[in-house]
Amino acid sequence: MTTFADKVIDFFHDLEFTGSLPPGISVMNPMRENENVFESASRFYRKYYSDNRPRRIILGINPGRFGAGATGIPFTDTIRMKEKCGLTPAGIRTYETSSVFIYDMIDSYGGPEKFYGDYFISSVSPLGFTKTNQNGKALNYNYYDSRELTEAVYEFAVGSIKKQLEFGIDNTTAFCLGTGKNFSFLSKLNAGYRFFGRIIPLEHPRFIMQYRAKQKESFIMAYLETLRTEKS
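Remember, my numbering sits 344 above the position in the sequence shown when you count from 1.
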């Protein structure tokens with residue numbers, strides 16, 4: 345019997361961006377670029393999703409270099425992957441502040457097994473992007489950081505959401521990480537395609553950790569109240 349995990353793994357195995365990117369922008373596809381990432385991510389999904397339970401989806405923006413860009417798992421750096429999930433990607437070590445918030449929230453929810461039994465975290469664009477600065481360093485670049493990239497990603501985002509709904513997603517309610525541009529873009533997609541009955545925005549973990557770190561516990565409680573209220 346094909347499980348939720350099997351569908352996720354197949355999705356990421358075949359995932360690629362075939363559109364034209366604006367000059368200076370590169371796509372980041374860790375599952376294709378690093379065999380170890382695909383293997384460890386597959387172990388993660390088999391550990392938490394080897395069933396056919398319906399789950400609600402939480403959609404971030406796009407993978408960053410130190411979270412999903414390193415592990416293949418949204419909002420999961422290598423430290424959290426090892427310490428919280430018991431899995432170790434070979435040869436890399438990364439730290440992402442958004443991952444710290446998400447796993448503190450997951451701990452408060454009841455731990456990874458309970459949380460991932462109820463939710464699936466992904467992104468509006470399940471592949472990430474980078475832009476090289478003047479010093480030749482690749483920096484994270486969000487799909488909405490330029491109109492050209494947003495337009496280039498549009499069909500990819502639509503197709504990716506459609507495919508992920510086939511995993512066994514409960515589409516009555518989706519949660520959007522980011523109350524600004526990500527929520528606005530996702531809302532426009534949903535108005536046209538009716539993927540979800542409603543979309544509820546949550547403050548983005550990066551914003552919380554960068555600008556509201558002293559209020560982290562309050563934001564965790566807000567997350568839990570929203571998720572639990574919508575789940576009941």
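Note that beta-carbon positions come from the ideal geometry of N, C-alpha and C, so glycine has one too.
Since the model is a prediction, treat every value here as computed from it, not as a measurement.
Let me know the beta strand (DSSP E) ranges lying completely inside the segment 532-559, each 3 residues or longer, listed in chain order. 542-546
Suppose you measure from the CA of Gly536 to the CA of Gly503; what does that come to, to the nearest Å? 13 Å
Quick check on this structure: which residue in Gly363, Tyr555, Glu547 and Glu574 has the alpha carbon closest to the alpha carbon of Ile446? Glu547
What does DSSP give as the partner residues of Cys520 in its beta bridges? Leu403 and Pro545
Which residue or residues does DSSP assign as beta-bridge partners of Ile500? For clarity, residue 500 is Phe in the given sequence; the question names Ile instead. Partner(s): none; Phe500 has no beta bridge.
Can you have a look at Leu403 and say buried or exposed, based on whether 16 or more other CB atoms are within 10 angstroms of its CB? buried
Local conformation of Tyr393 per DSSP, three classes: helix
Taking C-beta to C-beta, are Phe361 and Phe500 nearer than 8 Å? yes
With H, G and I counted as helix, E and B as strand and the rest as coil, what does DSSP make of Lys481? coil
For Val468, does the three-state DSSP call read helix, strand or coil? coil
Considering only their Cβ atoms, is the gap separating Ile417 from Ile513 smaller than 8 Å? no
For Pro366, collect the residues of the same chain with a Cβ closer than 8 Å to its Cβ; drop the 5 residues on either side in sequence, then sort them by chain order. Ser490, Glu492, Leu493 and Ala496
Roughly how many whole angstroms lie between the Cα atoms of Arg387 and Asn484? 26 Å
Segments assigned alpha helix (DSSP H), at least 4 residues, entirely inside the segment 402-436: 412-415 and 422-427
Can you tell me whether DSSP reads Phe529 as helix, strand or coil? helix
For Met375, report the span of its beta strand (DSSP E) as first-last. Counting along the chain, Met375 falls outside any beta strand (DSSP E), though it belongs to the alpha helix (DSSP H) covering Pro374 to Glu377.
Just to confirm my understanding: we take Pro456, look at its own chain, exclude 5 residues before and 5 after, and list those with CB closer than 7 Å. What are they? Tyr392, Lys428, Cys429 and Ile450
Residues in its own chain within less than 8 Å of Thr441 by CB, not counting five upstream and five downstream? Pro549, Arg550, Met553 and Gln554
8 Å Cβ cutoff met for Met372 and Phe473: yes
Alpha carbon to alpha carbon, how far is Met425 from Tyr463? Give it in angstroms, no decimals. 17 Å
What are the residues that DSSP puts in a beta bridge with Ser370? Thr474
Enumerate in chain order the residues of its own chain whose CB-to-CB distance from Lys575 is below 7 Å, with the five nearest sequence positions on each side excluded. Asp462
8 Å Cβ cutoff met for Ser467 and Asn406: yes
Our contact map puts Met544 next to Thr517 with C-beta atoms below 8 Å; I'd like the distance itself, whole angstroms only. In the sequence as displayed, the identity of residue 544 is Ile instead of Met. At roughly 6 Å, the Cβ-Cβ gap stays under 8 Å, so Ile544 and Thr517 are in contact.
Could you tell me which of Tyr453, Leu471 and Ala414 sits nearest to Tyr439, measuring between CA atoms? Ala414
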